[in-house]
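Asks: So the sequence shown is residues -22 to -1, 1 to 213, counted in mature numbering (1 follows the signal peptide of the UniProt record, and there is no 0).
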Amino acid sequence: MRQAVYTLLFILALLFSGYSHALCADSTETDITKEYRLLTANKLSISGVFYLELVQGDSYKLEVLTKPSVMEAFKFRTSRDRLTITPGRCKNDLISYRLTVIHLDEMDLQGSFTINTPLPLETENLELDISGDVRGHIRAKTSLIDISTTGDVLLEVSGETDHLQLAVLGNGSIDAARLKARTANLNIWGNGIETVNVWEFLKVLARGSTLVQYYGHPLLDQTIRNNAYIRALDE
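1. Looking at the structure shown, is Ser47 part of a helix, part of a strand, or coil, going by DSSP?
2. From the DSSP output, which residues share a beta bridge with Glu100?
3. Let me make sure I understand the geometry here. Which of Asp130, Gly148, His115 has the alpha-carbon closest to that of Ser136?
4. Looking at Cys2: is its Cβ nearer than 8 Å to the Cβ of Val48?
5. Quick one: any contact between the region 10 to 30 and the region 53 to 61, if contact means 3 or more CB pairs under 8 Å?
6. With a CB to CB cut of under 7 Å and the five nearest residues on each side skipped, what residues in its chain are close to His81?
7. Report yes or no: do three or more beta-carbon pairs, one from the region 118 to 134 and one from the region 67 to 79, lie closer than 8 Å?
8. Could you give the DSSP three-state label for Leu132: helix, strand or coil?
9. Compare the Cα-Cα distances from Leu211 to each of Thr201, Ile202, Leu189 and report the closest residue.
10. For Ala145 and Leu104, what's the separation of their Cα atoms in angstroms?
11. Give me the residue from Glu172, Ile24, Gly194 with the minimum Cα distance to Ala206.
Following this line, the structure appears as structure tokens:
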């Protein structure tokens, strides 16, 4: 009897799960847009399947574009300068975000997404923690840019910085050839291709099958293990 009850509960759970998924977007829905004024968003956390565009302005504002059923499910909140956005029950549905910020110094992004900054983000320090299936282009003008990636990441970074801190784990490739950095510290363990542009000092710890390549003529401190390789590129 107890086993029969457990079986019934399991079937009901499956049915409810299917029903919940059915409430998310279908092909007949038309995208809608909503706009939210925010008090702050100096730090940002987003998960799910999304497209993110970041711009700087004179206020904090979040614009959301997606299907009506997905719009009903997505959630966001702000706490201690951090804006946190989650897709709710519609975890596999695409949501497009356009976030306007006065100042942004930290991003924690997870999932399957594309990120773009049409113009450089100007800030003192910018920290990015990125994981998942990621594509995009980040433009920044900072004193420090600190990037950590895990997963299948193809990211272009451009602009200017005094120091680049880069940590890559997995199948990640960071193209920072157009990011002019005075100094850089790279900690790479994977099988991607990492490209930087450093003119004073470059420290590299590379493991796995990664290729690290650099423009400029920096003083080089390198530790290379396994099948990793480092090479200089012509200007």
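Positions of the beta carbon are idealized from the N, C-alpha and C atoms, including for glycine. No experiment lies behind these values; they were computed from the predicted model shown.
Replies: Based on what the coordinates show:
1. If DSSP states are grouped into helix, strand and coil, Ser47 belongs with the helices.
2. Lys119
3. His115
4. yes
5. Contact annotation: the region 10 to 30 touches the region 53 to 61, with at least three C-beta pairs closer than 8 Å.
6. Asn20, Thr101
7. no
8. Strand.
9. Leu189
10. When only Cα atoms are considered, Ala145 and Leu104 end up about 14 Å apart.
11. Closest in C-alpha terms to Ala206, from the list Glu172, Ile24, Gly194, comes Glu172.
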